[in-house]
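Worksheet: the structure to be examined is printed underneath.
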Amino acid sequence: MYDLVIRNARMLTHDELVDIGVRDGRIVEISDEMNERGVQEVDAAGDLLLSPFVESHIHLDSVLTAGEPRYNESGTLFEGIQVWTERKPSLTEQDVMKRALTALKWQMANGILHVRTHVDVCDPNLTAVKAMLKVKERVAPYMGLQIVAFPQEGIASFDGGKELMEEALRLGVDVVGAIPHYEYTREMGIDSLHTCFHLAQKYDRLIDVHCDEIDDEQSRFVETVATLALQTGLRERVTASHTTAMHSYNGAYAYKLFRLLRNSGINMVANPLINITLQGRFDSYPTRRGVTRIKEMWRSGINVSLGHDDILDPWYPLGIGSMLQVAHMAIHTSHMTGMQEIAETIHMITERAARTLQIESEYGIEIGKPASFILLPGSDAFDLIRRQPMPRYVVSRGKIVAATDPAVTKVFTDLGEEERIDFRKPLT
Ligand SMILES: [Zn+2]
């Protein structure tokens, strides 16, 4: 007898429906027709079975603060940082924990079970860091949460910036951040990256840099991040997020850069929802999209994953925590409407994002791995992107942690016999 059996699930890689057997929180059997019974049984009825979505870039300390103390009316990154600086003095641990836990539950309901959150350390009290470490413990039975020490106002340009980064690492954050394009000068930006790599080596942590998030084609810190990743041997333990300046690089430089990015083995995270919104604000027409080169990097063999970045905060006034919304936007901003391209965006919010977080050994639908997966009412990758359904079930380590009843829509006309509308493309 298994603890849980899922029957008649459709995997993206198989034609036949499969059954999944779970015992002690791990997958113990995957077969076409399982004889063993389960204490709990779920009939997936042909729903898609996917590894859980992975959120590789979100700011959980600022979620759900949009309008506090005021809205970001210009819509720029810089007014966003200013509004956040005004909100920061009123942060309490309780305030951060309440908002972060709400957003994490939204994410769980949307099928996300692994999250990397950036947390601002430019606060002498490190209030948000302390709160997020408690949140990490609270959600640990259900979700994996990685915390990045993120210096929103700079390491070199903020008074005591380096000491606050180091204190956050001592408190136990998982990843070292940096924001070189925001430092006062290019030299201070380079200096901040050396500090970041030094700290990662000293404390044996991963690296995730907010890198070149600006429309300035002269912002080229990503080449330093990749070179340091090569020289230190940290390679795939390093991630460059945003890199929106790459949108504006000339072709010759981008070509040269891609070779370095590939050789370095670093991960790239694009945040299309936020960067299509924040970038291009200083352009007259034509207005740049300002999203990094998702398609071109993926085609060059570089690991690219997608992040939501913000939910209802000074940088983005929308969002429900859905990775399918993120993928949908990536497809639009990056001209990825080809068959293979649309399917690829699902990998960018699952396996590729797991590689960014370096959690691959415990991720995936395989015998022996944790029984963490989602069941979505959909027929294929296209269908998921087009309709963006909520998962019918979210299973974490063998336990159902969220469930959504699919909406039923009916049409009352004489335009045919069918009253119930199914937005799925009929399977032939
Ligand atoms: Zn960010």
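Heads up: the sequence shown begins at 521 in our numbering, then just goes up one per residue.
Built from N, CA and C at the ideal position, the CB exists for glycine as well.
Within a Cβ cutoff of 7 Å, which residues of the same chain sit near residue i, ignoring the five residues on either side of it in sequence?
i: Ala529; result: Leu537, Val538, Ile540, Ala564, Asp567, Leu569, Leu895
i: Ile794; result: Asp829, Asp830, Trp835, Tyr836
i: Leu719; result: Met685, Glu686, Leu689, Val696
i: Ser820; result: Phe778, Arg782
Put residue i into one of helix, strand or coil per three-state DSSP.
i: Asp640; result: strand
i: Ser551; result: strand
i: Asp539; result: strand
i: Gly558; result: strand
i: His848; result: helix
i: Ser582; result: coil
i: Tyr723; result: helix
i: Thr933; result: coil
i: Val745; result: helix
i: Ile840; result: coil
i: Glu703; result: coil
i: Ser712; result: helix
i: Leu624; result: helix
i: His828; result: coil
i: His534; result: coil
i: Phe717; result: helix
i: Phe573; result: strand
i: Lys928; result: The residue asked about is misnamed: residue 928 is Val in this sequence, not Lys. Looking at Val928 - three-state DSSP - the assignment turns out to be coil, as it is neither helix nor strand.
i: Ala565; result: coil
i: Ile941; result: strand
i: Asp735; result: coil
i: Asp544; result: coil
Should residue i be listed as close to ligand 1, given that the test is whether its C-beta is under 7 Å from any heavy atom?
i: His762; result: yes
i: Asn791; result: yes
i: His828; result: no
i: His730; result: yes
i: His701; result: no
i: His577; result: yes
i: His714; result: no
i: His848; result: no
i: His638; result: yes
Do you know how far the Cα of residue j is from the Cα of residue i?
i: Leu713; j: Ala760; result: 11 Å
i: Val559; j: Glu553; result: 17 Å
i: Ser551; j: Ala749; result: 42 Å
i: Gly681; j: Gly600; result: 20 Å
i: Asp474; j: Ile887; result: There is simply no residue 474 to check, as the chain begins at 521 and stops at 948 in what is shown.
i: Ala648; j: Ala698; result: 17 Å
i: Asp696; j: Thr933; result: Note on identity: in this sequence residue 696 is Val, with Asp being the wrong assignment. Each residue's Cα considered, the two are about 59 Å apart.
i: Ile734; j: Leu597; result: 8 Å
i: Gln614; j: Leu780; result: 44 Å
i: Pro897; j: Thr744; result: 44 Å
i: Gly595; j: Thr853; result: 18 Å
i: Ala660; j: Val574; result: 15 Å
i: Glu871; j: Gln860; result: 16 Å
i: His634; j: Leu935; result: 45 Å
i: Ala927; j: Lys815; result: 33 Å
i: Gly952; j: Leu904; result: What is shown of the chain runs 521 to 948, which leaves residue 952 out entirely.
i: Trp626; j: Ala863; result: 24 Å
i: Ser739; j: His701; result: 7 Å
i: Thr705; j: Pro890; result: 46 Å
i: Ile786; j: Asp942; result: 42 Å
i: Met910; j: Arg944; result: 14 Å
i: Val562; j: His867; result: 25 Å
i: Leu653; j: Leu665; result: 9 Å
i: His534; j: Glu549; result: 16 Å
i: Gln908; j: Ile796; result: 20 Å
i: Ala623; j: Gly841; result: 7 Å
i: Tyr769; j: Glu737; result: 5 Å
i: Thr612; j: Thr857; result: 44 Å
i: Val525; j: Ser916; result: 14 Å
For residue i, which residues of its own chain have a beta-carbon under 8 Å away from its beta-carbon, when the five flanking residues on both sides are left out?
i: Leu646; result: Leu684, Glu687, Ala688, Leu691
i: Thr812; result: His762, Thr763, Thr764, Met766, His767, Met788, Ala790, Asn795
i: Phe741; result: Pro700, His701, Gly709, Ile710, Leu713, Val729, Cys731, Asp732
i: Val583; result: Arg619, Ala620, Thr622, Ala623, Asp830, Ile831, Leu832, Asp833
Can you find the residues in the same chain that come closer than 6 Å, C-beta to C-beta, to residue i, ignoring five residues on each side of it along the sequence?
i: Glu673; result: Cys642
i: Glu588; result: Arg607
i: Val949; result: Absent from the structure is residue 949, since the part of the chain shown begins at 521 and ends at 948.
i: Ala620; result: Leu580, Val655
Is the Cβ of residue i closer than 8 Å to any Cβ of chain C?
i: Asn770; result: Of the chains in the structure shown, none is chain C; there is only one protein chain.
Worksheet entry | Contiguous beta strand (DSSP E) assignments of at least 3 residues, all confined to the stretch 749 to 826 | For the stretch 749 to 826, whole beta strand (DSSP E) runs of length 3 or above, ordered along the chain, are 758 to 762, 787 to 790, 823 to 826.
Discussion item. Ignoring anything shorter than 4 residues, give me the alpha helix (DSSP H) runs that lie fully in the stretch 626 to 694, in order along the chain.
Written reply: Runs found: 647 to 659, 681 to 691.
Item to complete: Please specify which runs of the beta strand (DSSP E), each continuous and at least 3 residues long, are wholly inside the stretch 851 to 926, giving them in chain order.
Response: With a minimum length of 3 residues, the continuous beta strand (DSSP E) runs that stay inside the stretch 851 to 926 are 893 to 896, 913 to 916, 919 to 923.
Fill in: Every unbroken beta strand (DSSP E) within the stretch 591 to 620, with a cutoff of 3 residues, ordered by chain
Whole beta strand (DSSP E) segments, 3+ residues: zero.
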